[in-house]
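Asker: Sharing a structure here in structure tokens format.
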Amino acid sequence: MKNILLIHTGGTIAMTENIDTGSVSTTKKHPLASEDAIISQFAKIDDDYLFDLPSPHITPILMLQLGQHIEKRLKTNRYDGIVITHGTDTLEETAYFLDLYLQTKKPVVVTGAMRSSNEVGSDGLYNLISAVRVASAIESEEKGVLVVMNDEIHTAAYATKTSTSNIATFKSPQFGPIGMLTKQKVYFYHKWISLETYQVESITKNVPLIKVYAGIDQTLFNAITATSLDGLVIEGFGQGNVPPAIVDSIEQLIKNNVPVVLVSRSFKGVVQPTYDYPGGGKQLKNAGVLFAKGLSGQKARIKLLLLLESNCSPDRLETIFEA
Ligand code: ASP
Numbered sequence: 014m015k016n017i018l019l020i021h022t023g024g025t026i027a028m029t030e031n032i033d034t035g036s037v038s039t040t041k042k043h044p045l046a047s048e049d050a051i052i053s054q055f056a057k058i059d060d061d062y063l064f065d066l067p068s069p070h071i072t073p074i075l076m077l078q079l080g081q082h083i084e085k086r087l088k089t090n091r092y093d094g095i096v097i098t099h100g101t102d103t104l105e106e107t108a109y110f111l112d113l114y115l116q117t118k119k120p121v122v123v124t125g126a127m128r129s130s131n132e133v134g135s136d137g138l139y140n141l142i143s144a145v146r147v148a149s150a151i152e153s154e155e156k157g158v159l160v161v162m163n164d165e166i167h168t169a170a171y172a173t174k175t176s177t178s179n180i181a182t183f184k185s186p187q188f189g190p191i192g193m194l195t196k197q198k199v200y201f202y203h204k205w206i207s208l209e210t211y212q213v214e215s216i217t218k219n220v221p222l223i224k225v226y227a228g229i230d231q232t233l234f235n236a237i238t239a240t241s242l243d244g245l246v247i248e249g250f251g252q253g254n255v256p257p258a259i260v261d262s263i264e265q266l267i268k269n270n271v272p273v274v275l276v277s278r279s280f281k282g283v284v285q286p287t288y289d290y291p292g293g294g295k296q297l298k299n300a301g302v303l304f305a306k307g308l309s310g311q312k313a314r315i316k317l318l319l320l321l322e323s324n325c326s327p328d329r330l331e332t333i334f335e336a
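For the sequence shown, my numbering gives the first residue as 14, with consecutive numbering after it.
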């Protein structure tokens with residue numbers, strides 16, 4: 014049997030529902046603690062209760078603490094794989110942060126639940142067992158951080174929460190899951206080709222994410238850019254375009270050496286400098302905007318944050334984002 018470290022951070026998987034009111038919240042005793050007998054049929058488990066937070070309370074500073082905790086525990090050489098339980102709201106951001114931060118070939122799997130522990134059809138224990146099975150599989154090595162929910166295995170870079178409440182919420186719209194679980198086996202169908210890591214020691218930078226919309230004017234944009242920014246991610250339209258009203262502010266940021274990264278609010282495809290009109294991608298590219306290929310806004314923000322924290326030069330930023 015493999016040795017798996019199970020790190021709990023909170024989320025619905027750690028919560029129970031009040032049967033009278035329907036409200037869902039944390040409890041004194043972690044609901045999965047009483048399931049050890051079942052989980053230990055699949056691996057030898059050590060539990061670390063690191064945080065007990067709903068995932069909207071998770072910040073990049075806490076993600077770094079989690080990453081450092083994993084690093085420390087891996088150095089003991091006791092574990093064949095790591096499983097992290099996490100709230101689903103920001104699970105994809107934590108998973109991608111760990112993907113870019115951790116330097117390990119061992120399987121690191123993040124899972125959660127859409128239904129709390131005592132709800133009918135609760136998916137917590139099932140997803141946890143699936144995550145332990147994936148973390149125990151030799152085939153899961155060197156795949157970066159994986160997201161396992163609802164019998165599917167996704168990469169941290171492309172998994173995203175697509176439904177507010179459906180248990181099949183995590184999807185990778187661009188390429189699909191890279192693997193799946195059946196009752197008997199763990200299968201991988203795609204090879205993960207992009208293993209990149211950035212060592213950081215602290216999280217200090219201010220990198221907001223802004224989504225454009227038809228008719229956006231300068232007001233909101235100016236309010237954000239008036240704060241001391243270290244970088245900005247913009248979710249633009251389609252192939253990578255924004256309304257002309259915000260172009261001057263973008264150009265000003267770039268003149269002030271603040272990197273501006275563009276992604277698309279379309280959730281498939283890649284941004285590219287195609288259109289040559291004010292706010293069009295070609296003009297944004299000429300002004301020095303960086304085009305982040307295929308990442309969502311929230312993932313591009315995590316990546317820019319880590320790159321800035323690791324003192325990446327502007328040239329390297331461009332190479333990394335546009336690769
Ligand atoms: N709001 C919850 C959280 O992210 C949702 C969940 O865990 O599924 O903590």
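All residues carry an ideal CB built from backbone N, CA and C; glycine is no exception.
1) Is Gly157 a contact residue of the ligand ASP, with contact defined as CB to any heavy atom under 7 Å?
2) Could you tell me whether any non-hydrogen atom of the ligand ASP is closer than 7 Å to the CB of Ser176?
3) So, at 7 Å on beta carbons, what are the nonlocal neighbours of Gly251 in its own chain, with the 5 sequence-adjacent residues on each side left out?
4) Hey, quick one: how far does the beta strand (DSSP E) through Ile223 stretch, first residue to last?
5) Near Thr332, what residues of its chain come up, given a Cβ to Cβ distance below 6 Å and the 5 sequence neighbours on each side ignored?
6) Cβ of Val220 within 8 Å of Cβ of Val246?
7) Can you find a C-beta in chain B that's less than 8 Å from the C-beta of Lys57?
8) Helix, strand or coil for Gly23 per DSSP?
9) In this structure, does DSSP put Val284 in helix, strand or coil?
10) Which residue from Pro44, Ile26, Ile216 and Asp230 puts its Cα closest to that of Gln81?
11) Can you give me the start and stop residues for the alpha helix (DSSP H) that His82 sits inside?
12) Smallest Cα separation from Ser207: which of Asn270, Lys156, Gly253 and Glu165?
13) Work out the CA separation of Val283 and Asp261 for me, nearest whole Å.
14) Do Gly293 and Ile267 have their CB atoms nearer than 8 Å?
15) Does the Cβ-Cβ distance between Pro186 and Pro272 come in under 8 Å?
16) Out of Ala227, His203, Val255 and Ile180, point me to the one whose CA is closest to Tyr288's CA.
17) Can we count Ser143 as close to the ligand ASP, meaning its CB is less than 7 Å from some heavy atom?
18) Going by other Cβ atoms of all chains shown within 10 Å of its Cβ, with 16 needed for buried, is Pro257 buried or exposed?
19) Return helix, strand or coil for Tyr9, following the three-state DSSP convention.
20) Just curious, the beta strand (DSSP E) that Val11 is in, first and last residue?
21) Please classify Ser47 as buried or exposed, where buried requires at least 16 neighbouring CB atoms within 10 angstroms.
22) Could you check if Gly125 belongs to the surroundings of the ligand ASP, using beta carbon to heavy atom distance under 7 Å?
23) Alpha carbon to alpha carbon, how far is Ala108 from Ile71?
24) Whole-angstrom Cβ separation of Leu87 and Lys118, contact assumed at under 8 Å?
Answerer: Walking through what the data contain:
1) False, no ligand heavy atom lies under 7 Å from that Cβ.
2) Not so, every heavy atom of the ligand ASP lies at least 7 Å from the Cβ.
3) Here the set comprises Ser277 and Ser279.
4) Unbroken beta strand (DSSP E) run through Ile223: Leu222 to Lys224.
5) Once the five neighbours on either side are set aside, Thr332 has no close Cβ partner at all.
6) Inclusion of Val220 and Val246 in the CB contact set at 8 Å is warranted, their separation being smaller than that value.
7) No chain B appears in the structure shown, which is made up of a single protein chain.
8) Three-state result, Gly23: coil.
9) Note: Val284 maps to coil in three-state DSSP.
10) By alpha-carbon distance to Gln81, the top candidate from Pro44, Ile26, Ile216 and Asp230 is Ile216.
11) Unbroken alpha helix (DSSP H) run through His82: Pro73 to Leu87.
12) Between Ser207 and the set Asn270, Lys156, Gly253 and Glu165, the nearest pair of CA atoms involves Lys156.
13) Each residue's Cα considered, the two are about 24 Å apart.
14) Contact: no.
15) With respect to the 8 Å criterion, Pro186 and Pro272 are not classified as neighbours on the basis of their beta carbons.
16) The shortest C-alpha separation from Tyr288 is found at Val255.
17) Because no heavy atom of the ligand ASP lies under 7 Å away, the Cβ of Ser143 does not count as near it: no.
18) Burial call: exposed.
19) Residue coverage of the chain in this structure runs from 14 to 336, which leaves residue 9 outside it and unanswerable.
20) Here the chain covers residues 14 to 336 and nothing more, so residue 11 does not appear.
21) Result: exposed.
22) Between the ligand ASP and the CB of Gly125, the shortest heavy atom gap is smaller than 7 Å.
23) C-alpha separation (whole angstroms): 12 Å.
24) The Cβ separation is near 10 Å, so there is no contact.
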